[in-house]
Amino acid sequence: MRRYISMILAAAFATVSCENIVEEIWSSDNEAILVLNAQLRQDETSHRIFVNCSHGGRSETIQDAEVSVSVNGGVPVKGVPLAYTREGFGGYTLEYFDGYEVTVSLSPGDKVDVKAKWNSLSASATVEVPDACGVISAVDTAMVFVPAGGEDGQDYRSRQYSISVQDRSGENNYYMLSFQETFYRISPTGKILAQMTNEGAFDSSADHLLHPMETSLLDDILGDDNRYNIFTDEMFAGSSYTLKVMDSTYGFYDENWTMFWDDFQEGDYYSMDRVIRVYTLTFDEYVYLKSIIAANNDLGFMTEPVIYAENVEGGLGFVTAMTPSSYTIKFPAEPYEGEPPYTAYRYYEKII
Amino acid sequence: MVAAGAAAFAQKITVSGYITDAKSGESLIGAGVIYNNPVQGAPLVGAVSNNYGYYTLSLPAGERSVTWSFLGYADHTETLYLRRDTVINVHLEPSASIKEAVVTARKEAGLNSTNTGALEVPQSVLETMPALFGEKDVLKSLQFLPGVQGGSTGSSGIYVRGGGPDENLILLDDIPLYGVNHMFGIFSVFTPEAVKKVTLFKGSFPARYGGRLSSVIDVRTNDGNDKEFHGLVSVGMLSDRVHLEGPIVKGTTTFSVSGRVLHSFLFTPILRAFDIPANYYFYDLNGKIAHKFSNGDRLIASVYHGRDRFLVKYEDDYSYNYDDYNYRGSDSDVVRKESTNINVDWGNTVGALRWNHAFGSKLFANTTLAYNHYEMDVDLTYLDYTKEKGIETQQKMDVTYDSGINDIDFKMDFDYNPVPEHLVKFGVEYIHHDFRPQTATFSEKETVGKETMMDTTMNMSSGNKLIGHEVSLYIEDDFVIGQRLSFNPGLHLGYFRTQGKNYFSPQPRFSGRLDIGGGVSIKASYARMSQYVHLLASTDISLPTDLWVPITKDIKPETADQFSLGTYWDAGHGWELSLEGYYKKMNNILEYKDGMSVLITSSGWEDKVAMGEGRAYGMELFIQKKTGNTTGWLGYTLAKSDRRFPDGSINRGEWYPFKYDRRHDISLVVNHRFNDRIDISGSWKFFTGGVTTLTTREFTVLDVNNNPREVDYVSSRGNYRLPPTHTLNLGVNFHKKKRHGERVWNISIYNVYNNLNPDFVYKERAAEYDPVTYRLKREGVRVTKITVLPLLPSFSYTRKF
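Chains as they are written, first to last, in the working numbering: chain R, 327 to 678; chain U, 373 to 1173.
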């Protein structure tokens, strides 16, 4: 009896996995449409515009589009395609395309029109350059140990900062924290012989505003983090807030590094500074960056798909402008007592 | 003399007592008591027994005719000569024919209730509806009521009036339950034999209920037969059930015990047939002891315990010999064995002690002390053992993952009947919540010979306890004005304290009913509800990893304001019709942000959810036949439900359809009793498909460092509507009287015309190539549906004694 019932049940379950195609939606049926993307930074004069064409199931880079930018209805400035080649491994020539460079100066309150045309397709976006946040100040507070933070599981030193942000009152504001680190090689006479600038990355996991809940190791593994350090003024509207972050220098290498190191002469010394920036974002940009972070965490069928902010007329994509308030921390010529000398290498120095 | 007579008439006498089943002594909830006033057109004076079968009715002194009635029981009428307050316990005789009970005021649910959207699921319907796998299910039967939707076909998920699955307050004898599903949602935890009454509130909520936004499902269980022993044994295709009840001391102390267990001995071969080295089973135990100290005092102790257990065991032996790599078991040159054990265990334990006390004849009190425990444990052990040249190497990994909730609940509820026109209910409740959303540890140990090479234990989660203090006070007054008007205003005051933050939530409630004659009435209601706990679930099906978490200092309580308006018609001969409309506005509702999931880890969950708003509105038509040999109903719901998250983290901050937004929902339930031996039943359900989100093209985005990246483009959340689901189920019951009791064969066919419903869907990239050139012709997205439950016959055998 038991066997008989089991057979019936097994037969029932065997028919259970009835799979049927509900519908096939072919991307090739999608019409071609331009994708226009740009992040204009008020403190820079050189901006990049990216143009793609989404058709079928693909989005392809367009290198021969007509791109222009005009500020406050002024004369449009044409974008210059940045195509170049570089020799790769095995002697192969690699082709790169870095978008279209447009050189314009921007001020808070400017209305910026970005347009792209390619064949019969066109797309455009208009954005307003936001105001900067209030004054920011930053201090380097301590050299701290970061336990087991390195890629090889060793402890490292890291520098901790307190960064105070003054919010503009009477409006909802959205911010992004970033920093740039510059190393200088200076001659005994004080002349800067070489310098190297990198976009740094803060470790902000200890700050409540940037990471409202304590994150676990699993969260880190799953990449659920606020990697762009974006935040709102919801918790300190109209007043100030002090962020506590550490510089995170893992992966701090670039192609210039070796040259920089090899030039070292007896008597030269190093110096450095940190430019802390708090960018004011538009709400849409804030949402957009959250989407980019979310896309990195995508677990496929277990998560809802990411939907990106858009503001492009006649196409897809997102064009935005952001304005920084900045503060430069200049480190003294001699390191603080007990700290290692100013070399980028020290960040990789294991604590023994 | 005339004045004295008038004074005597004006003097109010209170009649109170318990209404019980004459055969079993089981208290009858919602039984009516009515004063048969000989004066034509005089106001209706009546009462209804409460959840413990207790009633109280004030009448003028003198000779009065009173009728006690209950659906499915013969009326009992007595002429009383009232001089002072008196206790009359009434035992109603079950009636073979299901006839309509005498119309009474103050019904909790149904046409004559003041409440909108309050429905009872008759036990007779529950017993006769076609059953999947031969298993009657309380929650699945609710899915056939208008305004109530299920999740995927066959699951017992409940979605009421555009609300989510965690917005239903499911009470088992007044105690809120957290995990209410077995077997990933196919069965609910309620053993049908233990259930006495199920009431659903989805429109107006009496002030005594609180804590969820969308519905209250009030499940009451049997106290036990106080006259003789009875029992039931039922064998279905997947589970066995047993129920025993009887007197411990006749007339004063009773017991009721029910149990259900999945046949793992049948289920395991099925898993084996699919080459799954696993075992799964669940069980439920319900127990209750009720003791009557006196007419005014009863003590009831009850316990529920239910568990699901899923076990997986893999073992591999890679032993081999040096020369020929052949396996020679433990005699091999290299002995290498691997084993993996996974044990997932989850369930509820609820214990409650209740004391009913009547303070005189007008005030009835119920005091409850309850403990509610829900836990889920996962234990994974991996062992890799090698023996080579006499040296033993062992690597062992252990991963444990636990979550749980402990609630201690103390409540006092009072029913006060000062005058016939007013029934005042008031009370207080305190719940101490102890949430342990997640504790996870990982340990690894490696030994070579006697030397330990590695011994590491890592705590992989926050492991924080979250304590919540929930206090609620309520008062409601169900009062009648004349013969046509009745109101139920009330106030529920909620307070929740967690992480040093206090949340106060005054929740006004109101419902009113106007009888406009000819059996037609109009009802209107308003209810504000607050919710302090949420279910974090990553998928549509009920998984043990779904986590209940409380509000926090950053996550505010969810609130809902619901307005309902309806018209109701008692057409006579057991026919009832209602048409009800509702509008529900929800605030601070939670949803996972785009790209977020709490899979594996709950820590930082506040960061992964967005708080937003929701709105749901619709119309529900309900035509019911309650009496006679043919009973059943037709329900139709026209509804819309959508969500918006202004912070932009979902769907760019724009409105989008809720996952379970279903425009049309039709339910038809018919039961027909041919005679004492055969009854048949059929149910048909149709509903518009839910929504899912599809990506149809690729486009490019930029990160902050101006790095372009190709990603999927999604126009909006919920941009694709799935095809509708419709299922016809049929069942037949064959009854046969035996010397001791009765046996019942139930044969059910689920999904009779084998409609391939989209129970689950998945999306994948599709490509089509030219058969000659093999070049890509086109590519896109393929949406595939999986039908979990096609045509499925089942049977069960039940022996009652």
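Positions of the beta carbon are idealized from the N, C-alpha and C atoms, including for glycine.
**Request:** Step through the CB atoms of chain R and report whether any lies within less than 8 Å of the CB of Phe-1071 (chain U).
**Result:** yes
**Item:** chain U within 8 Å of Val-632 (chain R), Cβ atoms only
**Value:** yes
**Message:** Contact criterion: CB-CB distance below 8 Å. Does Lys-512 (chain U) meet it with respect to chain R?
**Reply:** no
**Prompt:** In whole angstroms, what is the alpha-carbon distance linking Lys-817 (chain U) and Met-825 (chain U)?
**Reply:** 8 Å
**Item:** Rounded C-alpha distance that separates Gly-460 (chain R) from Gly-519 (chain U)
**Value:** 52 Å
**Prompt:** Do Lys-783 (chain U) and Glu-801 (chain U) have their CB atoms nearer than 8 Å?
**Reply:** yes
**Request:** Flag this pair as yes or no: are the beta carbons of Val-361 (chain R) and Ile-375 (chain R) separated by less than 8 Å?
**Result:** no
**Asked** Which residues mark the beginning and the end of the beta strand (DSSP E) in which Phe-609 (chain R) is found?
**Response** Where Phe-609 (chain R) is concerned, there is no enclosing beta strand (DSSP E), although the alpha helix (DSSP H) it sits in stretches over 609 to 622.
**Asked** Between Val-1076 (chain U) and Val-707 (chain U), what straight-line distance do the alpha-carbon atoms span, to the nearest angstrom?
**Response** 54 Å
**Item:** Same chain, Cβ closer than 6 Å to Val-796 (chain U), neighbours up to 5 away in sequence not counted
**Value:** Tyr-788 and Asp-849
**Item:** Neighbour list for Gly-715 (chain R) in chain U, Cβ cutoff strictly below 8 Å
**Value:** What is shown of chain R runs 327 to 678, which leaves residue 715 (chain R) out entirely.
**Message:** At a CB distance below 8 Å, what residues from the region 409 to 426 of chain U approach chain R? Give them in sequence order.
**Reply:** none
**Prompt:** So, using beta-carbon positions, are Gln-766 (chain U) and Thr-819 (chain U) closer together than 8 Å?
**Reply:** yes
**Request:** Report the residue from U:Pro-619, U:Leu-483 and U:Asn-1091 whose alpha carbon sits nearest the alpha carbon of Tyr-1028 (chain U).
**Result:** U:Asn-1091
**Request:** Determine, using beta carbons only, whether Phe-376 (chain R) comes closer than 8 Å to chain U.
**Result:** yes
**Request:** Could you name the residues that DSSP lists as bridge partners for Val-405 (chain U)?
**Result:** U:Ala-419 and U:Trp-440
**Prompt:** Does the Cβ-Cβ distance between His-804 (chain U) and Asp-785 (chain U) come in under 8 Å?
**Reply:** no
**Message:** Any beta carbon from chain U within less than 8 Å of Tyr-554 (chain R)'s own beta carbon?
**Reply:** yes
**Contacting positions in the region 1072 to 1086 of chain U - beta carbon closer than 9 Å to chain R** = Thr-1072, Val-1073, Leu-1074, Asp-1075, Val-1076, Asn-1077, Asn-1078, Pro-1080, Arg-1081, Glu-1082, Val-1083, Asp-1084, Tyr-1085 and Val-1086
**Prompt:** At what residues does the beta strand (DSSP E) containing Ser-893 (chain U) begin and finish?
**Reply:** 892 to 903
**Prompt:** For Asp-457 (chain R) versus Ala-563 (chain R), is the C-beta distance shorter than 8 Å?
**Reply:** no
**Request:** Go ahead and label Ser-617 (chain R) buried or exposed: buried means 16 or more other beta carbons lie within 10 angstroms of its beta carbon, across all protein chains shown.
**Result:** buried
**Asked** Between the region 1019 to 1043 of chain U and chain R, which residues of the former have a C-beta closer than 8 Å to a C-beta of the latter?
**Response** Asp-1019, Gly-1020, Ser-1021, Ile-1022, Asn-1023, Arg-1024 and Gly-1025
**Beta-carbon proximity list for Trp-444 (chain R), same chain, < 8 Å, skipping 5 on both sides** = Leu-360, Val-377, Cys-379, Ile-388, Asp-390, Ala-391 and Glu-392
**Message:** To the nearest angstrom, how far is the alpha carbon of Pro-649 (chain U) from that of Glu-499 (chain U)?
**Reply:** 36 Å
**Asked** Which residue comes first and which comes last in the alpha helix (DSSP H) that contains Lys-512 (chain U)?
**Response** 510 to 514
**Request:** Starting from the beta carbon of Leu-1094 (chain U), find every residue of chain R whose beta carbon is closer than 8 Å, and list them in chain order.
**Result:** Val-348
**the region 1137 to 1157 of chain U touching the region 1061 to 1076 of chain U, judged by at least three CB pairs closer than 8 Å** = yes
**Asked** So the beta strand (DSSP E) Thr-452 (chain R) belongs to, where does it begin and stop?
**Response** 447 to 454
**Request:** Could you tell me which residues DSSP pairs with Glu-801 (chain U) in its beta bridges?
**Result:** U:Lys-783 and U:Ser-844
**Asked** First and last residue of the beta strand (DSSP E) that includes Phe-665 (chain U)?
**Response** 650 to 666
**Prompt:** Just the Cα atoms here: how many angstroms apart are Glu-581 (chain R) and Thr-523 (chain R)?
**Reply:** Residue confidence for Glu-581 (chain R) is low, a pLDDT of 37 falling below 50, so the modelled location carries little weight and cannot support an answer.
**Request:** State yes or no: is the beta carbon of Asp-887 (chain U) nearer than 8 Å to at least one beta carbon in chain R?
**Result:** no
**Cβ neighbour criterion (16 or more within 10 Å) applied to Leu-634 (chain U)** = buried
**Item:** Alpha carbon of Asp-1019 (chain U) to alpha carbon of Pro-1096 (chain U), nearest angstrom
**Value:** 32 Å
**Message:** Quick check: is the beta carbon of Arg-1154 (chain U) nearer than 8 Å to any beta carbon in chain R?
**Reply:** yes
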